[in-house]
Amino acid sequence: MAKQNIAKAAFTAPTLDFLRDLVQNNNREWFQANRSRYDAAKTELCGVVERVLTNMSAFEPLSNTSVKDCIFRINRDIRFSKDKAPYKSNLAFAIGPGGRHSGRIDYFIQIQPGNQSFLGGGMWQPTPANLTKFRQEVDYNVDELKNIIEADAFKAYFPEAAGEVMKTTPKGYSADHPNIDLLRRKELFFMHRYTDKEVLKPNFADEIVRGCQLLKPYCDFLNYLFFDEKEESITL
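If you want it as structure tokens, here you go:
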């Protein structure tokens, strides 16, 4: 994308208006009649993603990642859902090597009116093996994780930790473990919410990049723990 287009990358009020109207008219007939509004919204989304990719390339390996790799379809998969509404009520994209299907811990951004837009990332629905790795790291070497998620700048931007938490104590750990709150975590996903007013600011894409840079140490921590650590032989 040319530099002049990247500089203009931003969301405008008609995009949020389209998403609001879609909630009230979530059917194929209405969507097709308003297809031009969706196309305009998607064009803005592509511009924002392009700018985010360009600026994040300074600290993330995204050289082989395209805009289309990152954007989620607005169509819902309704095959196994009781809710047969055909469309999502938001625009969303994920930033990671290769896009939304990187297979690693990446950055997820949702755009939804009603102050429901957010940037998030972290441990969400981990495999049993990865959850075991996380708990072992908390048990043996929690300082690195705490230094990341308890840093003032991180906590100021990501005050909200989401995800399932066990009510009981995980097997193999005592209830009085000094880090039992982290050990009980089945998911640990951090979010920063944006108001509609913030989403419509001309520099919103740059704000996403700033948030991703703050989230990066936690994503790197999990990616190393889950995917990059060298296997060590265990002597019984």
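Under the working numbering, the residues of the sequence shown are numbered 978 to 1213, in order.
Idealized CB from N, CA, C, for every residue including glycine.
What you are looking at is a predicted structure, and each value in this text was computed from that prediction instead of being measured.
By a C-beta neighbour count over all protein chains shown, 10 Å radius and 16 as the cutoff for buried, is threonine 1042 buried or exposed?
Position 65 of the sequence shown holds residue 1042. Flag for threonine 1042 reads buried.
Taking one C-beta from the stretch 1135-1152 and one from the stretch 1163-1174 each time, how about it: are there three or more such pairs within less than 8 Å?
Verdict: yes, contact present.
For valine 1176 versus serine 1094, is the C-beta spacing smaller than 8 Å?
In the sequence shown, counting from the first residue as 1, residue 1176 sits at position 199. In the sequence shown, counting from the first residue as 1, residue 1094 sits at position 117. Contact: yes.
In three-state DSSP terms, what is alanine 990?
Taking the first residue of the sequence shown as position 1, residue 990 is located at position 13. The answer is helix: DSSP assigns alanine 990 an H, G or I state.
For isoleucine 1082 versus cysteine 1196, is the C-beta spacing smaller than 8 Å?
Taking the sequence shown and counting its residues from 1, one reaches residue 1082 at position 105. Taking the sequence shown and counting its residues from 1, one reaches residue 1196 at position 219. Contact flag set, yes.
Could you tell me which of Glu1021, Lys1174, Asn1200 sits nearest to proline 1090, measuring between CA atoms?
Here residue 1090 corresponds to residue number 113 of the sequence shown, with the count starting at 1. Of the listed residues, the one whose Cα sits closest to proline 1090 is Lys1174.
Would you mind stating whether phenylalanine 1070 and valine 1026 have Cβ atoms separated by less than 8 Å?
Looking up residue 1070 in the sequence shown gives position 93. Looking up residue 1026 in the sequence shown gives position 49. Closer than 8 Å, so yes.
Could you tell me whether the stretch 1099-1119 touches the stretch 1156-1163, using the rule of 3 or more Cβ pairs below 8 Å?
Yes, the stretch 1099-1119 is in contact with the stretch 1156-1163.
With H, G and I counted as helix, E and B as strand and the rest as coil, what does DSSP make of serine 1094?
Counted from its first residue, the sequence shown places residue 1094 at position 117. Three-state DSSP puts serine 1094 in a strand.
Cα separation between leucine 1191 and glycine 1149?
One-based indexing of the sequence shown puts residue 1191 at position 214. One-based indexing of the sequence shown puts residue 1149 at position 172. Cα to Cα, leucine 1191 sits roughly 33 Å from glycine 1149.
Since glutamine 1102 sits in a beta bridge, which residues does DSSP pair it with?
Stepping through the sequence shown from its first residue, residue 1102 is reached at position 125. In DSSP, glutamine 1102 forms no bridge with anything.
Going by the CB atoms, is the gap between isoleucine 1086 and proline 1194 shorter than 8 Å?
On the sequence shown, residue 1194 is found 217 positions in, with the first residue counted as 1. On the sequence shown, residue 1086 is found 109 positions in, with the first residue counted as 1. For proline 1194 and isoleucine 1086, no; Cβs fall outside 8 Å.
State the CB to CB distance for the pair leucine 1039 and lysine 1110, rounded to an integer number of angstroms; the pair is presumed to be in contact (CB under 8 Å).
One-based indexing of the sequence shown puts residue 1039 at position 62. One-based indexing of the sequence shown puts residue 1110 at position 133. No, leucine 1039 and lysine 1110 are not in contact; Cβ-Cβ is about 25 Å, not under 8 Å.
Return the first residue and the last residue of the alpha helix (DSSP H) that tyrosine 1015 is part of.
Residue mapping note: residue 1015 aligns to position 38 of the sequence shown, counting from 1. Where tyrosine 1015 is concerned, the enclosing alpha helix (DSSP H) stretches over 1012-1033.
Considering only DSSP beta bridges, list what arginine 1112 is partnered with.
Looking up residue 1112 in the sequence shown gives position 135. Paired residues: none, contrary to the question.
Assign glycine 1073 to one of two classes, buried (16 or more other C-beta atoms within 10 Å of its C-beta) or exposed (fewer than that).
The residue given as residue 1073 occupies position 96 in the sequence shown. So glycine 1073 counts as buried.
Taking buried to mean at least 16 other C-beta atoms within 10 Å of its own C-beta, is isoleucine 1051 buried or exposed?
Within the sequence shown, residue 1051 is the residue found at index 74, counting from 1. It is buried - the Cβ of isoleucine 1051 has at least 16 other Cβ atoms within 10 Å.
Helix, strand or coil, according to DSSP, for isoleucine 1185 in the structure here?
Numbered from 1 along the sequence shown, position 208 holds the residue referred to as residue 1185. It is helical.
With DSSP as the reference, identify every bridge partner of valine 1142, one or two as the case may be.
Position 165 of the sequence shown, counted from the start, is the residue given in the question as residue 1142. In DSSP, valine 1142 forms a bridge with Arg1162.
On the premise that leucine 1108 lies in contact with glutamate 1114, defined as a C-beta separation below 8 Å, what is that separation, rounded to the nearest angstrom?
The count along the sequence shown starts at 1 and reaches residue 1114 at position 137. The count along the sequence shown starts at 1 and reaches residue 1108 at position 131. Their Cβ separation, rounded to whole angstroms, is 11 Å, which puts glutamate 1114 and leucine 1108 out of contact at 8 Å.
So what does alanine 1071 bridge to, in DSSP terms?
As a working note, residue 1071 is residue 94 in the sequence shown. Paired residue(s): Phe1085.
For phenylalanine 1167, write down the residues that DSSP places opposite it in a beta bridge.
For the purposes of this step, residue 1167 is taken as residue 190 along the sequence shown, with counting starting at 1. Answer by DSSP bridge pairing, in chain order: Gly1098, Ala1138.
With DSSP as the reference, label asparagine 1200 as helix, strand or coil.
Taking the sequence shown and counting its residues from 1, one reaches residue 1200 at position 223. Here asparagine 1200 sits in helix by DSSP.
Bridge partners for tyrosine 1064 per DSSP, in chain order?
Translated into the one-based positions of the sequence shown, residue 1064 becomes position 87. Tyrosine 1064 is bridged to Asn1052.
Return the residue from the list Ala1010, Ala986, Trp1007, Thr1172 that minimises the CA-CA distance to asparagine 1092.
Translated into positions along the sequence shown, residue 1092 becomes position 115. Here the closest residue by C-alpha is Thr1172.
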